[in-house]
Amino acid sequence: MKKILILVPFFLLCRVFLSAEDDSALRVGGSDFLGPAFLEALEGFGREEEIELDIDLQGSYAARTQLRADRLDLAILAVPSREEESFEEYQAHVFAYQTVVFGVHRDNPLNELSLSQIRGVLGAEEQTSYTRWGDLGLGGDLRPRSIALHSIAPGRNVAVDLFRFEVLRNPRLRGGITYHESMDGLVAAVDDSSASLGLLPRIPSDGRPVRTLALAEDDDGIAFGPSRENIHSGDYPIRLPVYLVFRHENVDRVREL
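The sequence shown begins at 11 in my numbering and counts up one residue at a time.
Following this line, the structure appears as structure tokens:
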């Protein structure tokens, strides 16, 4: 999972973390899904800039607890929408999002789905089950064909768990999904057949041979595509915000983004 949307602004913020009067380590804790690549890069940046960092990415819940106990200067929190809390006593800034994007072959005429439809396609215990493209209203050659499901592997990205727990009513995925270890492999599989549907962890790069689908909250609602603007505004319905959170009194150590 690439972290460029997270790394760049966070590193820029690090340059102003420590005031000239305070040489103690900056205590940073937060979400464990940022992964070892993020931790390695952050530690390397600290060494290069001679900034002493005490980093503990053991999870958002642990970081929230440590922040309340004043054992962290900065918390990096991934907060699901159903668990969003008030940050009134802190300064909090959203600086990244994890999302789930659905992609189809460029020759597939489908443009949008509702959340209930995508539940029926991928969920194992939903009220409705959709297994063929005709179930989603497509005609022609695709109508009788089975929906070939592809997804990033659960251990490679948090997107699968985000979909399971934020979208499905029962967090069990149906069988028959082909899992891929990389974004490149996943995109290639979707591009290989017009009957494919892919659960992607991010918007494909420009020029990729996959079209992304717009999603609607309700069956009769307006569908929004996964643009960065729609994700940030909340119009695109599947997103996991990542916050930088710190106490107001730490403003001299942690500057506003």
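We put the CB at the ideal spot given by N, CA and C, even for glycine.
Sub-8 Å separation of residue i and residue j beta-carbons
{"i": "glutamate 227", "j": "asparagine 180", "result": "no"}
{"i": "isoleucine 157", "j": "leucine 125", "result": "no"}
{"i": "threonine 222", "j": "isoleucine 232", "result": "no"}
{"i": "arginine 184", "j": "leucine 152", "result": "no"}
{"i": "threonine 188", "j": "histidine 160", "result": "yes"}
{"i": "valine 252", "j": "phenylalanine 97", "result": "no"}
{"i": "isoleucine 86", "j": "alanine 73", "result": "yes"}
{"i": "tyrosine 100", "j": "arginine 257", "result": "yes"}
{"i": "proline 211", "j": "asparagine 167", "result": "yes"}
{"i": "leucine 209", "j": "phenylalanine 173", "result": "yes"}
{"i": "valine 264", "j": "leucine 84", "result": "yes"}
{"i": "histidine 190", "j": "alanine 169", "result": "no"}
Whole-angstrom distance between residue j and residue i, CA atom to CA atom
{"i": "isoleucine 248", "j": "valine 255", "result": "22 Å"}
{"i": "leucine 272", "j": "valine 114", "result": "Only positions 11 to 267 of the chain appear in this structure, which leaves residue 272 out of reach."}
{"i": "leucine 52", "j": "aspartate 145", "result": "47 Å"}
{"i": "phenylalanine 112", "j": "isoleucine 65", "result": "34 Å"}
{"i": "valine 177", "j": "phenylalanine 43", "result": "19 Å"}
{"i": "tyrosine 71", "j": "glycine 244", "result": "23 Å"}
{"i": "aspartate 171", "j": "glycine 165", "result": "9 Å"}
{"i": "arginine 155", "j": "histidine 103", "result": "45 Å"}
{"i": "valine 220", "j": "aspartate 262", "result": "46 Å"}
{"i": "arginine 57", "j": "valine 110", "result": "34 Å"}
{"i": "aspartate 201", "j": "methionine 193", "result": "12 Å"}
{"i": "glycine 54", "j": "proline 119", "result": "46 Å"}
{"i": "tyrosine 246", "j": "leucine 148", "result": "23 Å"}
{"i": "glutamate 239", "j": "aspartate 230", "result": "22 Å"}
{"i": "serine 215", "j": "aspartate 80", "result": "40 Å"}
{"i": "arginine 78", "j": "glutamate 122", "result": "42 Å"}
{"i": "aspartate 117", "j": "alanine 88", "result": "36 Å"}
Beta-carbon contacts of residue i that lie in its chain and below 6 Å, excluding the five residues immediately before and after
{"i": "glutamine 76", "result": "Gly39 and Leu82"}
{"i": "leucine 137", "result": "Going by the sequence as given, residue 137 is glutamine instead of leucine. Nothing meets the Cβ criterion."}
{"i": "asparagine 260", "result": "Asp83"}
Sequence-distant residues of its chain with Cβ nearer than 7 Å to residue i (five each side left out)
{"i": "serine 203", "result": "His115 and Ala158"}
{"i": "alanine 35", "result": "Glu62, Leu63 and Asp64"}
{"i": "serine 139", "result": "Gly130"}
{"i": "glutamine 127", "result": "Tyr140 and Leu146"}
{"i": "phenylalanine 27", "result": "For phenylalanine 27, the pLDDT reaches just 43, beneath the cut-off of 50, and the residue's location in the model is therefore unreliable, although a value from the coordinates is still provided. So the qualifying residues of the chain are Leu36, Ile61, Arg263 and Val264."}
Distance between beta carbons of residue j and residue i, contact taken as under 8 Å
{"i": "proline 90", "j": "leucine 250", "result": "6 Å"}
{"i": "alanine 205", "j": "tryptophan 143", "result": "7 Å"}
Nonlocal neighbours in the same chain, by C-beta distance under 8 Å from residue i, ignoring five residues either side
{"i": "glutamine 68", "result": "Gly39 and Asp42"}
{"i": "phenylalanine 175", "result": "Pro90 and Pro181"}
{"i": "glycine 217", "result": "none"}
{"i": "glycine 186", "result": "Leu159"}
{"i": "isoleucine 241", "result": "Tyr107, Thr109 and Arg249"}
Beta carbon proximity, residue i to chain B, threshold 8 Å
{"i": "glycine 208", "result": "The chain inventory of the structure shown lacks chain B, comprising one protein chain alone."}
**Message:** My parser needs the beta strand (DSSP E) runs of 3 or more residues fully inside the stretch 158–221; what are they?
**Reply:** 158–162, 188–190 and 206–210
Exercise. Report the residue ranges of all alpha helix (DSSP H) runs contained in full by the stretch 219–265; include only those spanning at least 4 residues, in chain order.
Key: 238–243
* Unbroken stretches of the beta strand (DSSP E), 3 residues or longer, contained in the stretch 57–144 -> 63–66, 84–88, 100–109, 111–115 and 122–124
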